[in-house]
Amino acid sequence: SDLSSGINAEWPLRPGTTLRSELISIPKSRNFCNFRTKMKLVVLVGIIALAGCNKIEWNLAMNLNPSDGHVMDYCVGWHQDSGIGKESEAFLKDYKNKQVWKQPANYIAIVRHHNGIADAAKVWKFKYWGLSLLQRFADMNPGRRIETVGGHLLKEVLPNTQNLGDDPIFGVDGDLAFNWAYTDNGCRIAVTGGHLSEWLSNDDNTHGLGNHFAIQPLTCRVNHDVWGHEISNIQDCPLASCKDVKIQGTDQKGGPHLKNSPAYGQYAIFISRCSRDFPFLGGRQLLKTIMEN
1 SDLSSGINAE WPLRPGTTLR SELISIPKSR NFCNFRTKMK LVVLVGIIAL
51 AGCNKIEWNL AMNLNPSDGH VMDYCVGWHQ DSGIGKESEA FLKDYKNKQV
101 WKQPANYIAI VRHHNGIADA AKVWKFKYWG LSLLQRFADM NPGRRIETVG
151 GHLLKEVLPN TQNLGDDPIF GVDGDLAFNW AYTDNGCRIA VTGGHLSEWL
201 SNDDNTHGLG NHFAIQPLTC RVNHDVWGHE ISNIQDCPLA SCKDVKIQGT
251 DQKGGPHLKN SPAYGQYAIF ISRCSRDFPF LGGRQLLKTI MEN
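Taking my numbering, I'd label the letters of the sequence shown as residues 1 to 293.
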């Protein structure tokens, strides 16, 4: 019989390996004592991973401001062990916390805000626990990973919030796709409810956070820098028939098909080891409340 029956298959022992696959891989010739030993190790790993998880705990990893003059495209910052910006301006400009980017993350939240005042938030659970954002975004070859599982766990939107229909995070539902490479294009974060281009489809039609239309996405070698852009909205604008790709704000590098449009807000990315629940602060100051939680 399947010894893994009833066990959470999404609890990983190592990147790309679930508990279920680990258990199934035990040779049938091994006795049950070996199985019990392995199970004790798995439980120990789980206890260590969740040690200290007795409060709501979220850390700011990145902030994207699509109109601050700094373009966080596919090859800027995401896969690099470096920080960006100042903590004092973390909810005003592009920002990346080098230390948080290297912390193990089991949950991720993306919050749309206006200089720290939130109007929408979503929370997802990572499929494989214990990996940092640096590890996840450095995994570009082959990339194209669906990193979360089960869709969003939490969605909060303030009443009367505008510009949701084509918002790349809040306009569609589903899981988060990281490092979505296709021919010479790439998108760092897309939601699966939008369009995910096939690997050989050069349609410039996957939209989200951290984008580029002229790179080698498996290595981040840039072919033509002008096609970098920070945030693009949900739209059906394939290259063959559409020459007006709608970009949020002004943070793009001048590609002739990239068209600026109003920024819907800034996008803050938080991570947590423990928390499924996010202290949504609609209409209140993210900077003061989250950081002091």
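A virtual CB, placed ideally from N, CA and C, is assigned to each residue, including glycine.
The structure presented is a predicted model; accordingly, all values stated were derived computationally and were not measured.
Could you tell me the alpha carbon to alpha carbon distance between SER201 and ILE231, rounded to whole angstroms? Rounded to the nearest angstrom, the two C-alpha atoms are 20 Å apart.
Could you pull out every unbroken beta strand (DSSP E) segment of at least 3 residues lying fully inside the stretch 103–129, listed in chain order? Counting whole runs of 3 or more residues, the stretch 103–129 contains the beta strand (DSSP E) stretches 107–114, 117–126.
Helix, strand or coil for GLN248? Go by DSSP, reduced to three states. Strand.
Put ASN235 into one of helix, strand or coil per three-state DSSP. Position check: residue 235 holds Gln in this sequence, whereas Asn was assumed. The answer is coil: DSSP assigns GLN235 none of H, G, I, E or B.
Per DSSP, what are the beta-bridge partners of PHE270 in this structure? PHE270 is bridged to LEU60, ALA109.
Give every residue of the same chain whose Cβ lies closer than 7 Å to the Cβ of TRP78, excluding the five residues on either side of it in the sequence, and list them in chain order. Closer than 7 Å at Cβ, skipping near neighbours: PHE137, ARG188, GLY210.
Using the three-state DSSP reduction, which class does ARG30 fall into: helix, strand or coil? Any reading at ARG30 needs caution, since the residue's pLDDT is 41, under 50, leaving its predicted position unreliable; the model's value is listed next. ARG30 carries a coil assignment under DSSP once its states are collapsed to helix, strand and coil.
Beta-ladder partner(s) of THR148, from DSSP: The bridge partners DSSP lists for THR148 are PHE126.
Would you identify the three-state DSSP class for TRP180, choosing helix, strand or coil? If DSSP states are grouped into helix, strand and coil, TRP180 belongs with the strands.
Do three or more CB pairs link the stretch 126–146 to the stretch 155–165 at distances below 8 Å? Counting Cβ pairs under 8 Å, fewer than three are found: no touch.
Taking Cβ to Cβ, would you say ASP225 is nearer than 8 Å to PHE213? Taking a C-beta distance under 8 Å as the contact criterion, ASP225 and PHE213 do not qualify as a contact pair.
Selected residue, minimal CA-CA separation from PRO238, among PHE91, HIS70, VAL111, ASN185: PRO238 has its Cα closest to that of ASN185, out of PHE91, HIS70, VAL111, ASN185.
Could you tell me which whole alpha helix (DSSP H) segments of length 4 or greater appear in the stretch 173–227? Unbroken alpha helix (DSSP H) stretches of 4 residues or longer found wholly inside the stretch 173–227: none.
Assign LYS96 to one of three DSSP states: helix, strand, or coil. Correct three-state label for LYS96: strand.
Less than 8 Å between the beta carbons of ASN233 and GLY249, yes or no? No; because the gap between Cβ atoms is not below 8 Å, this pair is not in contact.
Bridge partners for ASN260 per DSSP, in chain order? In DSSP, ASN260 forms a bridge with ILE247.
Coarse secondary structure for GLN285, derived from DSSP in three states: Of the three classes helix, strand and coil, the one that applies to GLN285 here is strand, per DSSP.
Rank THR219, GLN285, ASP175, LEU164 by C-alpha distance to the C-alpha of PRO262 and give the top, closest one. With distances taken between Cα atoms, PRO262 lies closest to LEU164.
Residues that LYS253 bridges to, as DSSP identifies them: Looking at the DSSP output, LYS253 sits in no beta bridge, so it has no partner there.
In terms of DSSP beta bridges, what is VAL157 paired with? DSSP output for VAL157 lists ALA120 as bridge partner(s).
How many angstroms separate the CA atom of PRO256 from the CA atom of CYS220? Rounded to whole angstroms, the separation of the alpha carbons of CYS220 and PRO256 is 21 Å.
May I ask you to verify whether the stretch 55–73 touches the stretch 87–97, counting CB pairs closer than 8 Å and requiring at least 3? Touching, per the Cβ criterion.
Going by C-alpha distance, which of SER88, ILE110, SER197 is nearest LEU154? Distance from the Cα of LEU154 is smallest, within the candidate group SER88, ILE110, SER197, for ILE110.
Might you give, ordered along the chain, the residues of its own chain that have their beta carbon closer than 6 Å to the beta carbon of GLY143, omitting 5 neighbours on each side? The residues are ASN179, ALA181.
Length of the line joining the Cα atoms of ALA118 and ILE84: Distance from the CA of ALA118 to the CA of ILE84, rounded to the nearest whole angstrom, comes to 22 Å.
Within 10 angstroms of the Cβ of GLY208, are there 16 or more other Cβ atoms? Answer buried if so, exposed if not. Buried.
Report all residues from its chain with a CB closer than 6 Å to the CB of GLN294; omit the five preceding and five following residues, and keep chain order. What is shown of the chain runs 1 to 293, which leaves residue 294 out entirely.
Per DSSP, what kind of secondary structure is LEU133 in: helix, strand or coil? Here LEU133 carries a helix assignment [DSSP, helix/strand/coil].
Under the DSSP definition of a beta bridge, which residues are partnered with HIS70? Residue pairing by DSSP leaves HIS70 without any beta bridge partner.
Within 10 Å of its beta-carbon, does ASP81 have 16 or more other beta-carbons around it, so buried, or fewer, so exposed? Classification of ASP81: exposed, given that the 10 Å Cβ count is below 16.
Contact defined as beta carbons within less than 8 Å: I believe VAL123 pairs with ARG276. What is the distance between those atoms, to the nearest angstrom? For VAL123 against ARG276, the beta-carbon gap comes to about 7 Å, under 8 Å, which counts as contact.
Among the candidates ARG145, LEU218, GLY282, TRP129, whose CA atom is the shortest distance from the CA of ALA190? The shortest Cα separation from ALA190 among ARG145, LEU218, GLY282, TRP129 belongs to ARG145.
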